[in-house]
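Some notes on the structure that comes next.
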Amino acid sequence: MSSVRELQRRIQSTRNIAKMTKALQMVASSKIYRAQLRMKQSRLYAERLKTLVTCLEIGQYKDTYRDIALLQQRPIQNIGIIVMSPDRTLCGALPGMLNRMTLDVARAEQKRYTQHGHIPELHFIAVGKRGRDMLVRTNQHIVAEFTNYGSQPSIDDAIGIAKVALDAFLHGNLDLILLVYPHFVSMVNQTPVTIQLLPIQAPAHNEQVHQKKEYIYEPDAEQLLEALLPRYINIKLYQSLLETVASELAAQMLAMKSATDNANDLLKDLTLAMNKARQTTITTQILEVVAGANSLDE
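This is the structure:
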């Protein structure tokens, strides 16, 4: 059994850890409400913009859009993957899930587009330190990295990421760009998802917005679509960045709550063990005193 002094040191150390994890939990919980609000607002805007782009893509002018660069399909020789991950540690299992999905998606897409022995090259854009560190460890080719975006990223942060992706696609350096990010479902559920960012895909048949009316666009529909598509990419990346922040804060809050609960449980066990050790010590001392007194009487 450990000595009373050793148990006291462990209790003090555990108590300090519990205070730290409780403080981190409170910091994350104070930020999560605003992060959720911004994320939900961006979702609504992104969905409305997607609906407008969809209407233009499948509307009565759809046959005139073959020359729009962001819609063009071409042979896949270079695949780009934008990885959005937490920028801080202590986020539970979230970074690990994102890293596994990223590597799984990379392998699957390489296999999918391998033709006649030619394997497409992989290029990564890292957003967040946890994903960046994983890509460095696995010796992946990182085209660009964006870190320290904080708990309140701005649209300018997303525009910077979008510029790298758009330039690479328009100059032919990347033929396909995917986006991996954590989708915020609830406070206890953040699910990694993958979407195709470029080229922008027309909606599937069951997702199409069927229009019974024809609209007249000014400027014309093609010019409007050319102007909207880069904005759509900016907004989609901004929304994904806000989802990443909300997921990071939720995961951190839950991880710190679990750590605090575990520390408190350990404190109870250590306190009980210390009381037993102290009781044993006192009992031993009493027995020694009694034995000494008996020996004197004899």
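Okay, so the sequence shown: first residue is -8 according to the numbering used here, each after it adds one. Glycine included, each C-beta is placed from N, C-alpha and C at the ideal position. Since this is a predicted model, take the numbers as computed values, not measurements.
Over the uninterrupted beta strand (DSSP E) stretch that includes residue 182, give me the two end residues.
180 to 189
What residue range is occupied by the uninterrupted alpha helix (DSSP H) comprising residue 290?
Any property of residue 290 remains undetermined from this structure, which presents the chain solely from -8 to 289.
Taking DSSP as the reference, what is the three-state secondary structure of residue 84?
coil
N-terminal and C-terminal residue of the alpha helix (DSSP H) that residue 159 is part of:
146 to 161
At which residue ranges does the stretch 92 to 144 contain complete beta strand (DSSP E) runs of 3 or more residues, listed in the order of the chain?
112 to 118, 133 to 137
On the DSSP bridge list, what partners appear for residue 177?
180
On the three-state DSSP scale, how would you describe residue 167?
strand
Does the beta-carbon of residue 225 have 16 or more other beta-carbons within 10 angstroms, so that it is buried, or is it exposed?
buried
What do you reckon, are the CB atoms on residue 116 and residue 229 nearer than 8 angstroms?
no
Does the structure place the stretch 72 to 83 close enough to the stretch 236 to 249 that three or more beta carbon pairs sit under 8 angstroms?
yes
Which word fits residue 71, buried or exposed, when buried means at least 16 other C-beta atoms lie within 10 angstroms of its C-beta?
buried
Exposed or buried, which one is residue 130 when buried takes at least 16 other CB atoms within 10 Å?
exposed
Determine whether the beta carbon atoms of residue 247 and residue 15 lie at a separation below 8 angstroms.
yes
Exposed or buried, residue 173, counting other C-beta atoms within 10 Å across all chains shown (16 or more means buried)?
buried
Whose CA, out of 177, 91, 189, lies closest to the CA of residue 234?
177
Inter-residue spacing [alpha-carbon to alpha-carbon] between residue 274 and residue -3
19 angstroms
Is it the case that the Cβ atoms of residue 160 and residue 168 are separated by a distance below 8 angstroms?
yes
Considering only C-alpha positions, which residue in the set 100, 276, 153 is nearest to residue 112?
100
If the criterion is Cβ atoms closer than 8 angstroms, does the pair residue 44 and residue 219 meet it?
yes
Whether or not the stretch 249 to 263 and the stretch 22 to 34 are in contact is what I'm after, with contact meaning three or more pairs of Cβ atoms, one per stretch, closer than 8 angstroms; do they touch?
no
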